[in-house]
């Protein structure tokens, strides 16, 4: 995931680093940490906390600590009124010494979800109200290239990557003026693929795209194994669709409550490169 759409980015910070989380944390927001684990690393840690006081020490909503010495593991905990809670230990370590990494922390209303290098790692239930969390810290044996704060208009893949079938959560639903871009390649011997925008609450499908390759509709045969980009624009009364920069058609809204449209599904004979809401 790119930090290009971040509302705030910190580049190449000196470690240890502590800084404010712009606007605090809210459900649907994402923190991206891109960096490298040094060859000699023993551990590093990320803390999401309520302030940056050391005496008394600020409450820590999420203490996330990959550990390379002893049994490889990731430890999570919380600090409340200067007392640590019970450690939650995952005996699995997706980080490798000497290798780059990308860590994504997705903020849900009841938990943090963490993915590393595109794969879901763990879920940690909130121990401290989100509205108190305003500070990000990272320390230990780690080199950080970028920290990005992504607003809650993003689409989050439920599998943590772009594998098919793809299901993405639009955490605040759709609103007029928003665009969805789907970039990828059509498979070598395609039959069809499907794109659905739907409501998880009612299971109503607001937009169903099902191009059949053999008919030449939608994605023509000249695009096979080549890059394509689908653009869906949400307007007050309709969706507008374009492929590779060329307008295709409009589709009037059947689901009037746009905010209830909170899922994007993609499946079929294609490979995804990127899915973005902006």
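Numbering (this note's numbering), first residue to last: 32 to 309. Note that the Cβ used here is the ideal one computed from N, Cα and C, for glycine as well.
Distance check for residue 75 and residue 170, CA to CA, integer angstroms please.
Translated into the one-based positions of the chain shown, residue 170 becomes position 139. Translated into the one-based positions of the chain shown, residue 75 becomes position 44. Taking the straight line from one Cα to the other gives about 6 Å.
What whole-angstrom Cβ distance do residue 109 and residue 61 have, given they're in contact under 8 Å?
Within the chain shown, residue 109 is the residue found at index 78, counting from 1. Within the chain shown, residue 61 is the residue found at index 30, counting from 1. Contact flag wrong, Cβ pair sits at about 20 Å.
Would you report the Cα separation of residue 157 and residue 129, rounded to the nearest angstrom?
Against the chain shown, residue 157 aligns to sequence position 126. Against the chain shown, residue 129 aligns to sequence position 98. Whole-angstrom Cα-Cα distance: 32 Å.
Can you find at least 3 beta carbon pairs, one from the stretch 274-284 and one from the stretch 299-307, that sit closer than 8 Å?
no
Compute the Euclidean distance between the alpha carbons of residue 39 and residue 181, then round it to the nearest angstrom.
Locating residue 39 in the chain shown gives position 8, counting from the first residue. Locating residue 181 in the chain shown gives position 150, counting from the first residue. So the alpha carbons of these two residues sit roughly 8 Å apart.
Compare the C-beta of residue 153 against all C-beta atoms of chain B and say whether one is closer than 8 Å.
In the displayed structure, chain B is absent; only one protein chain is listed.
Counting C-beta neighbours from all protein chains within 10 Å, is the total for residue 258 16 or more, i.e. buried, or is it exposed?
Numbered from 1 along the chain shown, position 227 holds the residue referred to as residue 258. Flag for residue 258 reads exposed.
Reducing DSSP to helix, strand and coil, say where residue 289 ends up.
Locating residue 289 in the chain shown gives position 258, counting from the first residue. Residue 289 falls in the helix class under three-state DSSP.
What are the boundary residues of the beta strand (DSSP E) that includes residue 118?
Within the chain shown, residue 118 is the residue found at index 87, counting from 1. Per DSSP, residue 118 belongs to no beta strand (DSSP E) and is neither H nor E.
Under the DSSP definition of a beta bridge, which residues are partnered with residue 304?
Reading the chain shown from its first residue, position 273 is the one you call residue 304. The partner list for residue 304 (beta bridge, DSSP) is empty, contrary to what the question assumes.
Span separating the alpha-carbon of residue 51 from that of residue 73:
In the chain shown, counting from the first residue as 1, residue 51 sits at position 20. In the chain shown, counting from the first residue as 1, residue 73 sits at position 42. Distance between the alpha carbons of residue 51 and residue 73 is about 26 Å.
Quick one, are the C-beta atoms of residue 223 and residue 235 less than 8 Å apart?
Here the question's residue 223 lines up with position 192 in the chain shown. Here the question's residue 235 lines up with position 204 in the chain shown. Cβ atoms of residue 223 and residue 235: not closer than 8 Å.
Whether or not the stretch 198-213 and the stretch 115-122 are in contact is what I'm after, with contact meaning three or more pairs of Cβ atoms, one per stretch, closer than 8 Å; do they touch?
no
If contacts are defined as beta-carbon pairs under 8 Å, then residue 66 and residue 175 qualify, I think. What distance do you get, rounded to the angstrom?
By one-based count along the chain shown, residue 66 stands at place 35. By one-based count along the chain shown, residue 175 stands at place 144. That pair is a contact at about 4 Å.
Would you decide whether residue 97 is buried or exposed? Buried here means 16 or more other CB atoms lie within 10 Å of its CB.
For this step, residue 97 is matched to residue 66 along the chain shown. Buried, since its Cβ has 16 or more Cβ neighbours within 10 Å.
Pairwise C-alpha distance: residue 104 and residue 81
As a position in the chain shown, residue 81 is number 50, starting the count at 1. As a position in the chain shown, residue 104 is number 73, starting the count at 1. Distance between the alpha carbons of residue 81 and residue 104: 26 Å.
Would residue 252 be called buried (16 or more neighbouring beta carbons within 10 Å of its own) or exposed?
Translated into the one-based positions of the chain shown, residue 252 becomes position 221. The predicted position of residue 252 is uncertain, since its pLDDT is 40 and thus under 50; a value taken from the coordinates is nonetheless stated next. Counting Cβ neighbours within 10 Å, residue 252 comes out exposed, since fewer than 16 surround it.
Residue 169 - containing beta strand (DSSP E), residue span:
As a working note, residue 169 is residue 138 in the chain shown. From DSSP, the beta strand (DSSP E) with residue 169 extends over 166-171.
Return the chain-ordered list of same chain residues with a C-beta closer than 6 Å to the C-beta of residue 274, the five sequence neighbours on each side being excluded.
To locate residue 274, count along the chain shown from 1; it is residue 243. Only 261 meet the Cβ criterion.
Which term fits residue 229, buried or exposed, when burial requires 16 or more other beta carbons within 10 angstroms of its beta carbon?
Here residue 229 refers to the residue found at position 198 when the chain shown is read from its first residue. It counts as buried.
With a threshold of 6 Å on Cβ separation, who are the neighbours of residue 107 within its own chain once the five nearest residues in sequence on each side are excluded?
The residue given as residue 107 occupies position 76 in the chain shown. Only 95, 119 and 155 meet the Cβ criterion.
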